[in-house]
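Report on one structure; see the data block that follows.
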Amino acid sequence: MRWICILIIITVTAQPVLAQPVTLSDKKATANQVLEQIGAAYGYSVLELPKLVMHARNKNNRRIAYLEMIALRQQQSATRMDRSRLFMDEELFDICMALDIERARRKGTTLSFVLSHEIAHFYHRHNTYRSFADLNIGVMPETLSRQQESQADQTGLLFAYLAGYNPEPMLDALFDAIYTHYRLDDKLWGYPTKSERQQNAKLRATEFSVYGHLFALGQALYCREQFPEAARCFEYVFTRYPLKEAYNNFGVCRLQQLTRFRKKDNISYFALPFEVDPHNRLLGLSERSGTVTSSELASWSKEADAAFTRAIELDVTYKQAYLNQSIGALLANNTFLVLGILTTMTQKTGQPLPPNGHLIKGMAYAAMANWPNVQQCFDQPGTQRAYQIAYNKLVAQAIRQHKLVTLRKTWQRLQTRPSAPQLLYCQTKHVLLQEIDQAPASVRWPGNYLMELTSDPPPFISVDSKQVGKALFFRVKMGDSLQPLYFVRQL
């Protein structure tokens, strides 16, 4: 197995000096905060993120920034190490902080791109090894290496936006600073030239900020249960940049549409644990008026399954997509396929089923009337953390005892229960668009839409944006609606 040593290259023309002296421990804590924000945007929990290791400035054989994959660590040590490691130089941290003091509105903005670039290699499972300290390790063709570095630059920039940062104004100075400070040649083996990286970053910055805003808008519309419109936002993102999260969230939107209009059966009473990135789960019990054709229902199911399949193709260890695909199979009454998907998930990820996996498996066995296995799934260790587990156990019991009248009353009682405002829960607040009643009077809309999302059949969505200070306001018009929606994102 190889480890991934990923070079990220950045700079400032003068020797960087922090505004106030801080310890190495303080710097590492700040870097970890940024890393956790970036990891949340990528969809990683803190425990799954590579562990950050910061080399002190007086340490010998320091490298600028590189990622050591877990596979090599396990190979080199008899002791199992359950996290990859991300190494960075203390002086690189100082360079980033100096740029933030000079140019950025938010601390950690420049560092977000550095860390996001490294996590992009982790995200894409790039299997390379090189560092600034030892460039004479040609384990792959240089052309492929250049492609992977360009991809890491692009993905890193996009997810920095998704995490709420805007590093674009600092990128030119960042690349200049690193190349100058570490005395690097403008052309390094396996990397685009410095000027190419700067130019590509500029070209991508504007469109990636749009993608980031539309992804966040899709999340906000999902929380409003406007699933066709939310799906359109995610679809626009993945047709231009293939993000597994966009495919996954699009598929969940289609399944949510399906649950509203499919013929009601026993499975319909379960609270389904849809996995949206960042995580958001709605009970999904409400019924909708109106009718849809069977061909529309089949189309939603097919589109959802294709989206989850594509997300898994991009990352074979992407647990959320497996869980959502198994829910789609459950809604299609293909219970054996549910079990097959969950089995494949454990094989491909190398991890046991999570609580919601046991929950879905138990629902499948309930549809098969295999009650001993239902009990076994619902009683697995950790299932107390599964979504709406107490309610779902009641549903299974009612189905088993054929007490559908009781089941119906329970469902209706939940429907009438007062609910809190539906806010999108995510691991970083900076991804969230907050809905507001009206934009401030000081906002003057430019008249040029940020994006028009058209489709046939509808929905048609137009999005206008305007930044005022540290707040970015959005005006969203959907179809022929006379009343636009307003959202704000704090930058």
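For the sequence shown, the working numbering assigns the number -9 to the initial residue and increments by one for each residue that follows.
For each residue, glycine too, the CB sits at the ideal point set by N, CA and C.
Give me the DSSP bridge partner(s) of residue i.
i: Gln424; result: Val478
i: Lys177; result: In DSSP, Lys177 forms no bridge with anything.
i: Gln457; result: Leu462
Give a yes or no on whether the C-beta atoms belonging to residue i and residue j are separated by under 9 angstroms.
i: Ala195; j: Ala31; result: no
i: Ala297; j: Arg252; result: no
i: Lys500; j: Leu304; result: No answer is possible for residue 500: the residues shown for the chain start at -9 and end at 481.
i: Ala357; j: Asn238; result: no
i: Lys467; j: Trp435; result: no
i: Arg479; j: Gln428; result: no
i: Phe463; j: Pro430; result: yes
i: Glu507; j: Pro449; result: One cannot answer for residue 507 here, as it falls past the ends of the chain, which runs -9 to 481.
i: Lys17; j: Phe83; result: yes
i: Leu89; j: Ala46; result: no
i: Glu486; j: Val242; result: Beyond the ends of the chain as shown, which are -9 and 481, falls residue 486; an answer cannot be given.
i: Gln138; j: His171; result: no
i: Arg250; j: Phe217; result: yes
i: Tyr231; j: Tyr201; result: yes
i: Lys192; j: Asp166; result: no
Return yes when the C-beta of residue i is under 8 angstroms from any heavy atom of the ligand NAD, and no when it is not.
i: Met160; result: Questions concerning the ligand NAD fall outside what the structure shown contains, since it holds no ligand whatsoever.
Give the range of the alpha helix (DSSP H) segment to which residue i is assigned.
i: Ala461; result: Run containing Ala461: none in the alpha helix (DSSP H); it sits in the beta strand (DSSP E), Ala461 to Met468.
i: Leu42; result: Taken as a continuous stretch (DSSP letters only), Leu42 belongs to no alpha helix (DSSP H), being part of the beta strand (DSSP E) at Lys41 to His45.
i: Ile91; result: Glu80 to Arg93
i: Ser199; result: Lys184 to Cys213
i: Pro436; result: No alpha helix (DSSP H) holds Pro436; DSSP gives it neither H nor E.
i: Phe217; result: Phe217 to Arg230
i: Gln246; result: Lys234 to Phe251
i: Ser258; result: Note, Ser258: premise wrong, no alpha helix (DSSP H); not H, not E.
i: Gly154; result: Looking at the DSSP string, Gly154 is not in any alpha helix (DSSP H), and its letter there is neither H nor E.
i: Gly265; result: For clarity, residue 265 is Glu in the given sequence; the question names Gly instead. It is not in any alpha helix (DSSP H) - Glu265 carries neither H nor E in the DSSP assignment.
i: Asn314; result: Lys309 to Leu321
i: Tyr381; result: Ile379 to Arg390
i: Ala354; result: Pro345 to Ala357
i: Thr339; result: Thr325 to Thr339
i: Ala30; result: Leu14 to Tyr32
i: Lys393; result: First-last for Lys393: undefined, no H or E at that position.
i: Tyr113; result: Thr99 to His114
i: Ala376; result: Careful: Ala376 lies outside any alpha helix (DSSP H) and carries neither H nor E.
i: Asp295; result: Ser284 to Leu304
i: Gln366; result: Trp361 to Phe368
Can you round the beta-carbon distance between residue i and residue j to whole angstroms, since I take them to be within the 8 angstroms contact cut?
i: Val43; j: Arg75; result: 5 angstroms
i: Gly154; j: Gln27; result: 7 angstroms
i: Tyr308; j: Ala319; result: Wrong, their Cβ atoms sit about 17 angstroms apart, outside the cutoff.
i: His107; j: Asp143; result: 6 angstroms
i: Ser102; j: Pro157; result: 6 angstroms
i: Tyr476; j: Ile426; result: 5 angstroms
i: Ile85; j: Ile168; result: 7 angstroms
i: Leu248; j: Leu321; result: 6 angstroms
i: Val433; j: Val453; result: Not a contact, Cβ separation roughly 14 angstroms.
i: Leu148; j: Val24; result: In fact, because the Cβ distance is near 16 angstroms, the residues do not count as touching under 8 angstroms.
At the 9 angstroms Cβ level, is residue i part of the contact set with chain C, yes or no?
i: Tyr32; result: Within the model displayed, chain C is absent; a lone protein chain is all it includes.
Can you confirm whether the segment 361 to 374 touches the segment 325 to 335 when touching is taken to mean that 3 or more C-beta pairs between the two stretches lie within less than 8 angstroms? no
Does the segment 214 to 231 come into contact with the segment 199 to 206, if we say contact requires no fewer than three beta-carbon pairs (one atom in each stretch) closer than 8 angstroms? yes
Does the count of Cβ pairs from the segment 132 to 144 and the segment 81 to 98 closer than 8 angstroms reach three? no
Validate contact between the segment 173 to 189 and the segment 260 to 267 using beta carbons, cut 8 angstroms, 3 pairs: no
Evaluate the contact criterion for the segment 336 to 354 versus the segment 304 to 314: three or more CB pairs, one atom per stretch, below 8 angstroms. yes
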